[in-house]
Every structure is written in C-alpha cells, then in structure tokens.
Amino acid sequence: MALTVLISGASVAGPVLAYWLRRHGHTPVVVERTPELRMGTGGHAVDLFEPAVEIAERMGVLAEIREAATGTAAITLERPGRRPVEIDLGGLPAASADRHVEVLRGELARILHAATRDDVEYVFGDSVSALREDAGGVEVAFEHAPPRRFDLVVGADGLHSTVRRLAFGPEERYRRFLGGYLSAFTVPNHLALDGRMALYNAVDRLVGLYPVWQTGDARAVFLRRHAEVPFDHRDTGAQVRLLREMFADDGWQVPRLLEEAAGAADFYFDSISQIRMDEWWRGRVALVGDAGYAPGPAVGGGTTVAFVAAYVLAGHLAAAGGDHRAALAGYAAEIGDYVRRSREFGPRAMRTLVPRSPLEVRMAGWVLGALPRLPAAVSARLLGGENRVSTQLARFTVRDYPPTPPADA
Numbered sequence: 001m002a003l004t005v006l007i008s009g010a011s012v013a014g015p016v017l018a019y020w021l022r023r024h025g026h027t028p029v030v031v032e033r034t035p036e037l038r039m040g041t042g043g044h045a046v047d048l049f050e051p052a053v054e055i056a057e058r059m060g061v062l063a064e065i066r067e068a069a070t071g072t073a074a075i076t077l078e079r080p081g082r083r084p085v086e087i088d089l090g091g092l093p094a095a096s097a098d099r100h101v102e103v104l105r106g107e108l109a110r111i112l113h114a115a116t117r118d119d120v121e122y123v124f125g126d127s128v129s130a131l132r133e134d135a136g137g138v139e140v141a142f143e144h145a146p147p148r149r150f151d152l153v154v155g156a157d158g159l160h161s162t163v164r165r166l167a168f169g170p171e172e173r174y175r176r177f178l179g180g181y182l183s184a185f186t187v188p189n190h191l192a193l194d195g196r197m198a199l200y201n202a203v204d205r206l207v208g209l210y211p212v213w214q215t216g217d218a219r220a221v222f223l224r225r226h227a228e229v230p231f232d233h234r235d236t237g238a239q240v241r242l243l244r245e246m247f248a249d250d251g252w253q254v255p256r257l258l259e260e261a262a263g264a265a266d267f268y269f270d271s272i273s274q275i276r277m278d279e280w281w282r283g284r285v286a287l288v289g290d291a292g293y294a295p296g297p298a299v300g301g302g303t304t305v306a307f308v309a310a311y312v313l314a315g316h317l318a319a320a321g322g323d324h325r326a327a328l329a330g331y332a333a334e335i336g337d338y339v340r341r342s343r344e345f346g347p348r349a350m351r352t353l354v355p356r357s358p359l360e361v362r363m364a365g366w367v368l369g370a371l372p373r374l375p376a377a378v379s380a381r382l383l384g385g386e387n388r389v390s391t392q393l394a395r396f397t398v399r400d401y402p403p404t405p406p407a408d409a
C-alpha cells in the first residue's frame, strides 16, 4: 500500500528518507521552514562514517560527496604564549579512511536535494503549525499553505523540532545541555589556508579555521565550554553578541573573526545539547535524526545516525505493507541500540575537544605533535582506539529490505 508522507526538514535526514520512500513506491512531501535550502559551502564540517557511506553509495551520491570533501591534510595548533605545533594528518592511522568522508553540511544538503528534487515535492518557506490525527491519517495545518492530509508525518527538523513539540511536548522535556556552545560561519581566508586547518586552543575554548576550496573562503568554528545561558535560537543578533562575550579576552585571530561574525550570511550558533527520548513515534507521527536523538552538534555521529535512521524507517515502511504501526515499531526497535550508543559521544567529545586546564592545553600540543611519529598502534590508542566515534558508528549492518519498485513507480 502506497503512503503519503509529510517530512518536516530538508537538511540531511529528510532528503535521505524522501529518497528511499520514493524508491519504495511511496509519495513523500518535504516542507522546509527556510525560504531556500541552506546548501552549498555553508555549515560546519560533518562526518559520514561507514554505514552512512554505504547508504550514500546505494543512493548513487557517494562519488559526488567524496568530490566535495573538505580535504584537510594538516593542522597548525596555536596556543596562548606557546609555539605553534604542526600536525601532518597523512601520518596518522587511516584504516577506515575509505569508509569515512568529511564534508561541509551545506554541500551534503545540496547533493541530497539534487538527488531527490525531480521525484519529490519540496515546499520551502513554510512550516507545520498543527497536527490533528484520526483513524485514517493526519490533517496538517501550515503557517502559510492550506491544510493537507497525509498518512504519516515525520519530523526531521532538527534539535528544535516543531513536529516533536506538537506531537510529544516541549523541547525542555527532552533536551540535555552538554556544557558548551558551537558557532560556525564563513569568513575571508586571511591566513591563505590551503588544505590546512588552523586551531586555537585555550582553557574552555577551541577556535578553528579551515579553507573552503570551492570558493576560496574559510569557515570559522567556535567551541566554548560554558554554563547554560538563555537565548533565542532565532535571534541572530543576540547570538552574535553572546559569542563575542564568550571569546572577548582571546587573542590570535579571534578578535578579527568576531568582528566578521555579524556580517556572515550563514552565521550559526547553538547550544551543544542532546535530545533524549524513550519513544520516537506516536500514532502516525515519527521522528528521525536530530529531532528524535541528536547526539549534539560538533561532538560527532549525528549525520551518520540520520542517514541510518532514515534508511531504516523507509525500509520498515516498505516491509510492513501499509501497516504503519508495525513499521514504526520495527523502526524504533532496529535503531534503538544504535541511537543509545550514539548518546555516549557527546560528553566524551566535550572533554576531549575543549581543554579544561592549562595542563590540558599543553598536553594537547604534545599529543597532537607526537602522533605522526608514533607507531600506528600507539597513535590509534591515543586517538581513542575501539572507543572512537567512527568505530562505534561502524557497528551497524545496513541490511536489505523488500525489493523496491522502479523509481518512477
């Protein structure tokens, strides 16, 4: 039985889900709040680990994703009052390099949209405002468009999900603050970075600059360990002021970058938080990706989990033959352990990425500088060994679901 499925969110999980729903013969519609897709060279870098790489390969987009990869080959680490440390990434263990890709989020969104736009209806500049479910479907009200009826509604609309709020309750019930903030935006490439990332490390702070080879610009990324502070996630001006307060005393390139933040068209700022829920579907409404189980921005894993969950959800809807309850229960059961493992990355990543003391700042320089000169086994252990995000996320088998009809069915 073919289903009509409304997907709220057009970043990563939404287009991946739409692709596989269409392949399985269903009719997805994707609604996105922003007037146009945030695609291209915007957004911070995200990682696709082994299961997501395999799913992208099955979608026929892996080659294009690899072509858009960030291409970082070296790091220069700067610290207050200390000499720079140069790290050659080519000298580090790369056992899983063929099953890992780092790409700008905007580039990934562009590729996924291009793979689905001819077969999937996209509605930009609108958002879900109300859901009314009955025995036969869901009546969906929008902020601008007339109401429409669907068999299912899926929230793929991120950390601040509207669908989650409407169907499951307020965000505060599920959000867990991890003790920090992330900001990212495009700046001129003042340091003439070419295949090299520059990092500034100080107590409770990390600032990164890496080149965007497609445009010649650079991306600035700020990580700050900080107590939780209230802010409006739609008030960019207030976010810029908060970022400047958090890094007001820092040197290196930080003052220049902070001056450029206000004029950045793609400025991003948010808390590093997780979404923790015990259920990811209710009635005819389901959640996928960060809307249901965000491991936390900048801490690793969210993009891979989004790929996997979207693929699994579409597969169970195909296998259930129109029985949405069986499909959604199967989806939740299959991804449950994987999602719970992904939650472990956030707190650990904050401890690892952002030094908590002057000693940790010094140790970061020593460890990173020594890695390329150490035996591969020792380097792998210092990088986390079996506990690395990539190793944990690889522990998912991408299985086949029932044969799919032709894409134009």
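The sequence shown begins at 1 in the UniProt record's numbering and counts up by one.
Don't be surprised by glycine CBs; every beta carbon is placed ideally from N, CA and C.
Fair warning: this is a prediction, and the values are worked out from it, not measured in the lab.
By the Cβ neighbour-count rule, Ser357 is exposed, with fewer than 16 other Cβ atoms within 10 Å of its own. By the neighbour-count criterion, in which a residue is buried when 16 or more other Cβ atoms sit within 10 angstroms of its Cβ, Glu172 is exposed. Excluding its 5 nearest sequence neighbours in each direction, Tyr122 has C-beta neighbours in its own chain below 6 angstroms: Val30, listed in chain order. With contacts defined by Cβ atoms closer than 9 angstroms, Val153 and Ala141 do not form a contacting pair. Here DSSP, grouped into helix, strand and coil, assigns Gly136 to coil. For Thr76, the secondary structure class from DSSP, reduced to helix, strand or coil, is strand. Among the bridge pairs identified by DSSP, Pro28 is matched with Val5. For Gln274, the enclosing beta strand (DSSP E) begins and ends at 268 to 275.
Cβ contact annotation for Glu143 (same chain, cutoff 7 angstroms, sequence separation greater than five): Asp126, Ser127, Ser129, in chain order. With a cut-off of 8 angstroms on Cβ pairs, the segment 183 to 199 is not in contact with the segment 328 to 338, counting fewer than three such pairs. Put simply, of Val212, Leu206, Ala310, Gly315 the residue whose alpha carbon is nearest the alpha carbon of Ala364 is Leu206. Here Arg219 is buried: its Cβ has 16 or more other Cβ atoms, across all protein chains shown, within 10 Å.
Assigned with DSSP and collapsed to three states, Gly365 falls in helix. Judged by DSSP in its simplified three-state form, Ser342 adopts helix. Contact between the segment 68 to 82 and the segment 195 to 204 is present, with at least three C-beta pairs closer than 8 angstroms. Residues Gly158, Leu159, Ser273, Gln274, Ile275, Gly302 of the same chain have their beta carbon placed closer than 8 angstroms to that of Ala294, with the five preceding and five following residues left out of the count. In this structure Val16 is in contact with Leu112, their Cβ atoms being roughly 6 angstroms apart against a cut-off of 8 angstroms. Straight across, the Cα-Cα distance linking Gly289 with Phe247 is about 31 angstroms. Under the three-state reduction of DSSP output, Glu86 falls in the strand class.
If you check the CB distance, His24 and Gly315 come in under 9 angstroms.
Checking the DSSP bridge columns, you'll see Val207 partnered with Tyr200, Phe222. Counting C-beta atoms within 10 angstroms of its own C-beta, Gly263 has fewer than 16 neighbours from the protein chains shown and is therefore classed as exposed.
At least 9 angstroms separates the beta-carbon of Leu257 from that of Phe231.
DSSP places Val308 in no beta strand (DSSP E) but in the uninterrupted alpha helix (DSSP H) bounded by 302 to 319.
In the assembly as shown, Gly169 is an exposed residue. Its beta-carbon has fewer than 16 other beta-carbons within 10 Å.
Burial is judged here by how many other beta carbons sit within 10 angstroms of a residue's own beta carbon; Leu21 has at least 16 and is buried. Residues Tyr200, Val207, Phe247 of the same chain have their beta carbon placed closer than 8 angstroms to that of Val254, with the five preceding and five following residues left out of the count. The Cβ-Cβ distance between Val398 and Glu64 does not fall below 9 angstroms. Per DSSP, the continuous beta strand (DSSP E) segment holding Thr186 begins and ends at 175 to 187.
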